[in-house]
Every structure is written in structure tokens, then in C-alpha cells.
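Data first, discussion second: the structure below is written as C-alpha cells.
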Amino acid sequence: MADSLDDGLQLDDDLVAFSGDEAGSDTQEFRKEAVRAEPVRDASESKKRKRKEARKKKAAAYRDEVHAGQAVALQPSERQADFFVAQQKKTYPKLSSLEMQEHQVPDAHATPDTFADANTPWRKEHGMPRVLVVTGNAQRAADLARALRALLPEDESRPAKRRKGAEVSTAGGVAKLFARHFKVDEQVTHLQENATPLAVGTPHRIQQLLERGALRTDHLQALVVDHSWTDAKMRTIFDTPETRDALVHLVSDPTLRKALLRKEASCKVILF
């Protein structure tokens, strides 16, 4: 029977060798490669963790910086003035100290007060707000305009009118001085024809209206900078270079400087 089962086949010596020594060698080599790859993988994961931690620290530091900047609004007038000077230097980095004085807000004109107890009667001159609020975002300006209506004097002699560019009544209203939905010519006309005891807007548009003479600062008592508000990226009005520069240029405008430097009833700059 043994002879009948013998088919004459012979195993190839190379196959026998591969099934033994070479197979074992490949397995060992694979294990060595796996062992060598493990430290590389660990190093990569470590780098990812470090980058993630660095991003968290950077975000936390930025939040702390924003909160610290916002807290300036609660500091004495000298600290507020120093903060504003620091922002002005970012806009005018090449000016000397002497030249910078022409743009600075004097300490006496920066104040932590909110005018909540002011009793000066509202004026009804056209285009001459008593309080001007500056913010860095058109939507934020629209929201502030609605909130500021509560400060207007009551006027029940006739129903309040709605007019494009502002909320007006016989006692005046809150002028909306920003570009979204409003053309500058429309705002010029509105300021010329309506009393505006309160106004809120963005630096660029306010600057345009000052240059065209439609917005006047004869009775301006407070320039309120909406400093505490931040956008979706946690940026204040001073954190976006374009908006910061526009605000600094606005404060340097000759018309506004004249209001700030008046000897009597001078305008105050309020970081809110």
C-alpha cells in the first residue's frame, strides 16, 4: 500500500526552506518594524497634544487680554487716557511724542461716569447730538439704537414717526449713523431736518458726516466708545486694525477735537 500511495512527488528544497527559516525571518522583521513604528506614532501623538494645549493656552491668554482691556472702562480717567494713547500709537507708530500730543485725549476728558445723573435739558437742534455712541459693527449699532430709545424724553403730543435713518419724534430721536441700509445722502438730509439728541454709528460713517457738516458737535457732551462688546471672534472695537484706526482718526477730527477741548461744557470720552 505504501508503494501505491507514493506518487513520486518531491518537495522543492526552496519551498521547504521558505516555510521554515524565511517565514520566521519575515515575521521577526515585521515585529521589528512594528516596534520601530511605535515610537514614531507616540511622538506624533505627543506633538498633536502639545499643539492642542498651545492653542488652548493662546485662546485663554487672548480671553484674558480682552477681559483686561474691557476692565479699563472701570478704571480712573488717567488709566483710560493711557489706554487710548496706546491704541493711538498703534495707528500712528511713526509719530513722535510731541506730535502724538496733538491727537491725545486729555486725562480730564476721559471719564468713568455714565451721565446717568446728568440733568442738562435735551436740546432739539438739528444734527447736534448730545451723546454720540461709536461702535465697530453696523448690527451692533442698530441694536444700540433700539436700546437708547429708553433715554429719550417722553413726547406724547403726537405718535412717534418712523423714518429711514432714525427713530424720530417731536422731541427728536436716535440717529442711526452707519452704512448698512442707509446712504450717506439720506443721513445728511435726516440730520439737517431732524432733532437728534442721541446718535449711534460706526467710525467711518460718523467721520463722513462730520466732514460734510451734517453732523455737528456744538452741544456734544459725551463720546461713548462701545468698548466692552465683542464680536463672534471675541474682538473689541480696538482689536480689528481697520476699525481701531477709523476710531482713532475720528477722535483726531478737528471738529471733534474742538468739542473735546472746549473750556466750558467740554465733551468727555467714555469707554463703555
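Mapped onto this note's numbering, the consecutive letters of the sequence shown carry residue numbers 1345 to 1616. Every residue gets a Cβ at the ideal spot worked out from N, C-alpha and C, and that includes glycine.
Simplified DSSP assignment, three categories, for residue i
i            : result
residue 1595 : helix
residue 1607 : coil
residue 1460 : Here residue 1460 scores only 49 on pLDDT, less than 50, and its place in the model should not be relied on; the value that follows carries that caveat. In the structure shown, residue 1460 sits in coil (DSSP, three-state: anything other than H, G, I, E or B).
residue 1614 : strand
residue 1425 : helix
residue 1482 : helix
residue 1501 : Low confidence applies here, because residue 1501 scores a pLDDT of 35, under 50, leaving its location unreliable; read the following figure in that light. Three-state DSSP puts residue 1501 in coil, outside helix and strand.
residue 1449 : coil
residue 1585 : helix
residue 1534 : helix
residue 1571 : coil
residue 1556 : coil
residue 1440 : coil
residue 1577 : coil
residue 1419 : coil
residue 1548 : helix
residue 1395 : helix
7 angstroms CB neighbourhood of residue i in its chain, flanking five on each side removed
i            : result
residue 1547 : 1478, 1587, 1590, 1591, 1594
residue 1643 : The question about residue 1643 has no answer, for the chain in this structure spans 1345 to 1616.
residue 1560 : 1471, 1472
Cα-Cα separation between residue i and residue j, rounded to whole angstroms
i            : j            : result
residue 1485 : residue 1582 : 16 angstroms
residue 1603 : residue 1522 : 22 angstroms
residue 1435 : residue 1489 : 28 angstroms
residue 1447 : residue 1432 : 8 angstroms
residue 1492 : residue 1427 : 26 angstroms
residue 1544 : residue 1613 : 14 angstroms
residue 1599 : residue 1577 : 33 angstroms
residue 1549 : residue 1536 : 16 angstroms
residue 1557 : residue 1494 : 28 angstroms
residue 1443 : residue 1616 : 27 angstroms
residue 1524 : residue 1531 : 12 angstroms
residue 1534 : residue 1519 : 8 angstroms
residue 1497 : residue 1429 : 35 angstroms
residue 1596 : residue 1526 : 25 angstroms
residue 1419 : residue 1392 : 41 angstroms
residue 1397 : residue 1440 : 41 angstroms
One or two residues paired with residue i in a DSSP bridge
i            : result
residue 1543 : 1476, 1519
residue 1566 : 1475, 1612
residue 1470 : 1539
Neighbour flag for residue i against chain B, beta carbons, 8 angstroms
i            : result
residue 1552 : Considering every chain present, this structure includes no chain B. It has just one protein chain.
Own chain residues within Cβ distance below 8 angstroms of residue i, not counting five before or after
i            : result
residue 1528 : 1549, 1552, 1553, 1556
residue 1611 : 1453, 1561, 1564, 1565, 1566, 1567, 1600, 1603, 1604
Nonlocal neighbours in the same chain, by C-beta distance under 6 angstroms from residue i, ignoring five residues either side
i            : result
residue 1438 : none
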